[in-house]
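> In terms of the UniProt record's numbering, the sequence shown has 45 at position 45, counting the first letter as 1, and numbering is strictly consecutive.
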Amino acid sequence: MNRKVDELDPDQYRDSTEAAEDYARRQKRESMKIASSRTTTSSGPYRMPGVVGQQDTRYRRTHVAAVDDVPDRFELFLLGDGEKKVTEEPDTRIPSSSIFTFNKEDHTLGNLLSSRLLQSPHVTFSGYKVPHPLVAQYILRIQTDGTLTPRQALMQACKDLVSDLSILSREFTKEWELRKMVGDTGKADDKPNGR
Numbered sequence: 001m002n003r004k005v006d007e008l009d010p011d012q013y014r015d016s017t018e019a020a021e022d023y024a025r026r027q028k029r030e031s032m033k034i035a036s037s038r039t040t041t042s043s044g045p046y047r048m049p050g051v052v053g054q055q056d057t058r059y060r061r062t063h064v065a066a067v068d069d070v071p072d073r074f075e076l077f078l079l080g081d082g083e084k085k086v087t088e089e090p091d092t093r094i095p096s097s098s099i100f101t102f103n104k105e106d107h108t109l110g111n112l113l114s115s116r117l118l119q120s121p122h123v124t125f126s127g128y129k130v131p132h133p134l135v136a137q138y139i140l141r142i143q144t145d146g147t148l149t150p151r152q153a154l155m156q157a158c159k160d161l162v163s164d165l166s167i168l169s170r171e172f173t174k175e176w177e178l179r180k181m182v183g184d185t186g187k188a189d190d191k192p193n194g195r
């Protein structure tokens, strides 16, 4: 009864389902023998309880590897315990310059802030980089002419962006409500941009 599948007589089974069921029963019996013969249990996070050795590493390699690579959905935008959203590090090589590290943010906010900072007459340089595409973090470097500190320039740019976005929201809502009041009948869909 301890024969391998390759050694079985093909005429022994009438159809493939019967062979598969028999093979599954034998594998289950063999795995129960292995589990009962072990006196120690593995304690790793990806190990099957009660099984140590070759079968354990095979299980981990085939069943957990795909799950192990998937990052947690919320780790891209929720801060961890004790993690700060923004940290500032003064740049000692250049006067009136600082390096800000934004955690749990990406190109969207980086480009928005950098372009808004460049509109300020007191900012001489503003640029950002993302250290790695799989890490939700970007680094923003700001250099000013000395009338404002980089922190003040960043705060002013944030206030200006919030103001611009509130104006955009208000204008969009106003246009949307006007469209609903007019009661589009679908005739405008034939024209470019729905007008």
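All residues carry an ideal CB built from backbone N, CA and C; glycine is no exception.
#1: Among residues of its own chain, excluding the 5 on either side of T147, which ones have a beta-carbon nearer than 6 Å to its beta-carbon?
#2: To the nearest angstrom, how far is it from the Cα of S120 to the Cα of A153?
#3: Going by C-alpha distance, which of P150, L109, G127 is nearest E89?
#4: Taking all protein chains shown into account, decide if E105 is buried (16 or more other Cβ within 10 angstroms of its Cβ) or exposed.
#5: How about S96 and T144: do their beta carbons lie closer than 8 Å?
#6: Does the Cβ-Cβ distance between R141 and G127 come in under 8 Å?
#7: At which residues does the beta strand (DSSP E) containing I99 begin and terminate?
#8: Taking the continuous beta strand (DSSP E) assigned at E89, which residues delimit it?
#9: Using the C-alpha atoms, what's the distance from D81 back to K180?
#10: Quick check: what's the CA-CA separation for V51 versus Q27?
#11: Taking just the CA atoms, how far does T92 sit from L178?
#12: So is Y138 buried or exposed if we call it buried at 16+ other beta carbons inside 10 Å?
#13: Rounded to the nearest angstrom, how far is the Cβ of F74 from that of V86, given a contact under 8 Å?
#14: Measure from the alpha carbon of H107 to the alpha carbon of each residue in L134, L118, S98, I94, then state which is nearest.
Reading it off the structure:
#1: On the sequence shown, position 147 is the one that residue 147 refers to. Excluding sequence positions up to five before and after T147, its CB lies within less than 6 Å of the CB of H122, all in the same chain and listed in chain order.
#2: Mapped onto the sequence shown, residue 120 falls at position 120. Mapped onto the sequence shown, residue 153 falls at position 153. Each residue's alpha carbon lies about 8 Å from the other.
#3: Numbered from 1 along the sequence shown, position 89 holds the residue referred to as residue 89. Closest option to E89, Cα to Cα, is P150.
#4: Stepping through the sequence shown from its first residue, residue 105 is reached at position 105. With 16 or more Cβ atoms within 10 Å of its Cβ, E105 is classed as buried.
#5: Counting from 1 along the sequence shown, the entry for residue 96 is found at position 96. Counting from 1 along the sequence shown, the entry for residue 144 is found at position 144. It is a contact, given that the beta carbons lie within the stated cut-off.
#6: Residue 141 sits at position 141 when you count from the first residue of the sequence shown. Residue 127 sits at position 127 when you count from the first residue of the sequence shown. Cβ distance < 8 Å, so R141 and G127 count as in contact.
#7: As a working note, residue 99 is residue 99 in the sequence shown. Run containing I99: 97 to 103, per the beta strand (DSSP E) assignment.
#8: The residue you call residue 89 lines up with position 89 of the sequence shown. Judged by DSSP secondary structure, E89 falls within the beta strand (DSSP E) whose first and last residues are 86 to 90.
#9: Within the sequence shown, numbered from 1, the residue matching residue 180 stands at position 180. Within the sequence shown, numbered from 1, the residue matching residue 81 stands at position 81. Rounded to the nearest angstrom, the two C-alpha atoms are 46 Å apart.
#10: Mapped onto the sequence shown, residue 51 falls at position 51. Mapped onto the sequence shown, residue 27 falls at position 27. Its pLDDT being 49, under 50, V51 is placed unreliably by the model, and the measurement read from it follows with that caveat. Distance between the alpha carbons of V51 and Q27: 14 Å.
#11: In the sequence shown, counting from the first residue as 1, residue 178 sits at position 178. In the sequence shown, counting from the first residue as 1, residue 92 sits at position 92. Answer to the nearest angstrom: the Cα atoms are 54 Å apart.
#12: Residue numbering aside, residue 138 sits at position 138 when the sequence shown is read from its first letter. Per the 10 Å Cβ criterion, buried.
#13: By 1-based counting over the sequence shown, the position of residue 74 is 74. By 1-based counting over the sequence shown, the position of residue 86 is 86. No, F74 and V86 are not in contact; Cβ-Cβ is about 19 Å, not under 8 Å.
#14: By 1-based counting over the sequence shown, the position of residue 107 is 107. Selected option, being the one with the closest Cα: L134.
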